Amino acid sequence: MREDRIRQLIAQEAARLMYAEGVSEYRDAKRKAARRFGPEKSLSLGSHLPSNAEIHKELQRLIAIHEEKTLPERLHQMRCTALRCMEMLALFRPFLVGSVLTGAVTAASDIDLHLFAESSEEVEEFLRSRNIAYETDVVTIRRGGSFVDYSHIYLKEGKVIIECTIYALGDIYRVPKSSITGKPMERATITKLRKLIADTARAEANPANV
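In terms of UniProt numbering, the sequence shown is numbered consecutively and its last residue is 210.
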């Protein structure tokens with residue numbers, strides 16, 4: 001089988017895993033999908049593995065096929081949930097990032113927020129003072145030529161997980177690169193998200209004016 005065909009099939013399977021089975025990370029979906037086509041090690045060293053952008057495109061296609069009627073309401077509800085959470089965490093200058101901002105959400109999607117604080121303990125103390133339940137984790141990512149640990153705080157509203165990554169105060173103007181495009185990540189402040197929700201509702205109410 002041609003390498004470009006294998007690459008396409010892996011992208012399609014990875015997207016299916018993210019859509020149907022709730023695999024949340026592109027890396028995990030890619031590796032799991034690749035196992036269907038040969039030893040993971042040999043595939044990872046070749047050109048068989050698709051980019052995150054290719055998988056994202058296939059995921060968007062699946063969402064468009066299966067979620068045409070349910071996507072607008074789901075997206076609206078998740079953005080409203082994100083807005084409420086951001087308003088509650090306004091002290092930490094939150095940004096919304098990820099699928100809830102871009103619009104490619106599934107039933108398994110979570111809400112991704114970036115917060116800025118002196119420390120993760122500052123955010124935890126804020127939550128405890130308001131009797132808000134949360135869980136924590138430390139995630140290690142590669143940044144430049146080194147590995148960096150980031151504290152993550154997980155909140156929950158209904159069935160929706162809100163994943164908050166804690167950055168140092170000085171990082172607020174350093175926009176991370178998107179794992180999909182490789183370009184600076186799209187981010188939304190409270191004001192921008194509020195406007196996005198209003199503009200989207202207006203466009204859906206008056207489709208002829210779009």
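Glycine included, every Cβ here is placed at the ideal spot set by N, Cα and C. Predicted model only: the values in this text are computed from it and were never measured.
Residues near residue i by beta carbon distance below 6 Å, same chain, minus five either side
i, result
"Ala133", "none"
8 Å contact criterion, which residue i and residue j should meet: CB distance rounded
i, j, result
"Leu196", "Cys164", "Rounded, the Cβ-Cβ distance is 20 Å, inconsistent with contact."
"Ala104", "Leu59", "6 Å"
"Ile111", "Thr70", "The pair is not a contact, with the Cβ atoms about 18 Å apart (cut-off 8 Å)."
"Phe92", "Val123", "6 Å"
"Lys32", "Leu17", "6 Å"
"Arg194", "Leu101", "Their Cβ separation, rounded to whole angstroms, is 13 Å, which puts Arg194 and Leu101 out of contact at 8 Å."
"Pro50", "Arg7", "5 Å"
"Met88", "Ser109", "Actually they do not touch by this definition, with Cβ atoms about 20 Å apart."
Cβ-based neighbour list, residue i, same chain, cut-off 7 Å, excluding 5 preceding and 5 following
i, result
"Ala90", "Ile190"
"Ile55", "Ala11, Ala14, Ala15, Tyr26, Ala29, Lys30"
"Ser151", "Ser120, Thr136, Val138, Ile166"
Sequence-distant residues of the same chain with beta carbon closer than 8 Å to residue i, five excluded per side
i, result
"Arg178", "One detail in the question is off: residue 178 reads as Ser in this sequence, not Arg. Same-chain partners within the cutoff: Pro184, Met185, Glu186."
"Tyr154", "Tyr134, Glu135, Thr136, Asp137, Ile161, Ile162, Glu163, Cys164"
Limits of the alpha helix (DSSP H) - the one that residue i falls within
i, result
"Thr189", "Counting along the chain, Thr189 falls outside any alpha helix (DSSP H), and DSSP gives it neither H nor E."
Interface flag, residue i vs chain B, CB-CB below 9 Å
i, result
"Val105", "Here chain B cannot be found, since the structure has a single protein chain."
Residue i: CB within 8 Å of a non-hydrogen atom of the ligand FMN
i, result
"Ile132", "As for the ligand FMN, it is missing from this structure, which has no ligand bound."
request  = Can you check the stretch 97 to 182 for any beta strand (DSSP E) of at least 3 residues that lies completely inside it and give the ranges in chain order?
outcome  = 111 to 117, 135 to 143, 146 to 157, 160 to 168
request  = Decide if the stretch 114 to 121 is in contact with the stretch 152 to 168; the criterion is three or more beta carbon pairs, one per stretch, under 8 Å apart.
outcome  = yes
query = What runs of the alpha helix (DSSP H), each 4 residues or longer, lie entirely inside the stretch 3 to 80?
reply = 3 to 20, 26 to 34, 40 to 44, 52 to 66
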